[in-house]
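Chemist: The structure that follows is given in the form of structure tokens.
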Amino acid sequence: MSDAWPWLLLAGLGAFHGLNPAMGWLFAVALGLHRGSMAAVLWALPPLAIGHLLSIGIVAGLAVATGALVDGRWIYAGAGLLLIGWAAWIQFYGHRHRVRIGMTAGFGGLLLWSFLMATAHGAGLMILPALMPLCLAASPVQALGGTQSPMIALAAVLVHTGAMLAVTAAIAIAVYRWIGLGILRSAWLNFDWIWSAALAATGVVLLTNL
2 MSDAWPWLLL AGLGAFHGLN PAMGWLFAVA LGLHRGSMAA VLWALPPLAI
52 GHLLSIGIVA GLAVATGALV DGRWIYAGAG LLLIGWAAWI QFYGHRHRVR
102 IGMTAGFGGL LLWSFLMATA HGAGLMILPA LMPLCLAASP VQALGGTQSP
152 MIALAAVLVH TGAMLAVTAA IAIAVYRWIG LGILRSAWLN FDWIWSAALA
202 ATGVVLLTNL
């Protein structure tokens with residue numbers, strides 16, 4: 002079970018990211034309503050997932066590269082402080098810098114929008130507590146050999162993105178076909194606050210693992 006928990010956490014964080022309307026399901030529903038087609042909702046999902054994957058992948062690649070050069074304790078400390086700072090920035094200033102894209106966006110526009118949203122929200126940073134035990138030299142997984150770190154990081158990104166896509170798709174289809182956007186008036190959650198709290202909590206977790 003101890004070897005499985007990082008993978009379970011990656012999938013869980015992927016599901017959490019999929020729940021966040023800022024990661025794409027709300028845009029997919031709006032696009033479907035604008036074009037009057039369920040196909041538009043489904044068509045929006047692949048570029049949203051790929052953009053998220055690229056943003057997460059960059060962070061994972063940097064973590065692997067840094068882990069090969071720097072002591073793991075410094076990475077944990079730096080990542081923890083960065084996450085707490087990022088959480089504060091999103092909470093107090095992030096809402097002033099929204100990424101905007103029109104309803105006529107193509108595949109590339111949706112991909113870019115998803116990449117920028119995930120990056121601006123620090124989605125990649127949030128997976129570091131699950132990613133670092135898998136990829137840093139102190140991990141038991143490294144018995145496979147240091148050259149396996151990039152492949153492990155790739156697998157981690159795919160697991161995370163797969164869970165994110167599944168939840169995003171499920172919510173987008175349910176809201177478009179059965180629930181409707183009217184529920185947002187009575188059941189809306191302040192995800193900016195929840196997201197900031199999750200980032201800060203992740204930073205604290207990293208700092209306590211020094």
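The sequence shown begins at 2 in my numbering and counts up by one.
Virtual Cβ for every residue (Gly too), placed ideally from N, Cα, C.
Could you say if the region 190–208 and the region 72–85 meet the contact criterion of at least three C-beta pairs nearer than 8 Å?
Modeler: Contact between the region 190–208 and the region 72–85 is present, because at least three Cβ pairs lie under 8 Å.
Chemist: Check whether the Cβ of residue 132 lies closer than 7 Å to any heavy atom of the ligand MG, and answer yes or no.
Modeler: The ligand MG is not part of this structure, which contains no ligands at all.
Chemist: Tell me which same chain residues have a C-beta within less than 6 Å of the C-beta of residue 63, skipping the five on either side of it?
Modeler: Residue numbering aside, residue 63 sits at position 62 when the sequence shown is read from its first letter. Counting only Cβ-Cβ distances below 6 Å, and skipping sequence neighbours, we find nothing.
Chemist: Work out the CA separation of residue 76 and residue 66 for me, nearest whole Å.
Modeler: Position 65 of the sequence shown holds residue 66. Position 75 of the sequence shown holds residue 76. One C-alpha to the other measures close to 11 Å.
Chemist: Going by the beta-carbon positions, is the gap between residue 164 and residue 57 smaller than 8 Å?
Modeler: Locating residue 164 in the sequence shown gives position 163, where the first residue counts as 1. Locating residue 57 in the sequence shown gives position 56, where the first residue counts as 1. No, the Cβ-Cβ distance between residue 164 and residue 57 is not below 8 Å.
Chemist: Which same chain residues end up closer than 7 Å to residue 33 when comparing Cβ atoms and leaving out the 5 residues on each side of it in sequence?
Modeler: Counting from 1 along the sequence shown, the entry for residue 33 is found at position 32. Taken in chain order, the residues that qualify are 39, 41, 42 and 177.
Chemist: Assuming contact is defined by CB atoms lying nearer than 8 Å, are residue 11 and residue 122 in contact in what I supplied?
Modeler: Here residue 11 is taken as the residue at index 10 of the sequence shown, counted from 1. Here residue 122 is taken as the residue at index 121 of the sequence shown, counted from 1. No; because the gap between Cβ atoms is not below 8 Å, this pair is not in contact.
Chemist: How about residue 26 and residue 15: are their beta carbons less than 8 Å apart?
Modeler: Numbered from 1 along the sequence shown, position 25 holds the residue referred to as residue 26. Numbered from 1 along the sequence shown, position 14 holds the residue referred to as residue 15. Taking 8 Å as the Cβ cut-off, residue 26 and residue 15 do not qualify as a contacting pair.
Chemist: Below 6 Å CB to CB, which residues in the same chain sit around residue 88 once its five sequence neighbours on both sides are set aside?
Modeler: Within the sequence shown, residue 88 is the residue found at index 87, counting from 1. Cβ within range, chain order: 197, 200 and 201.
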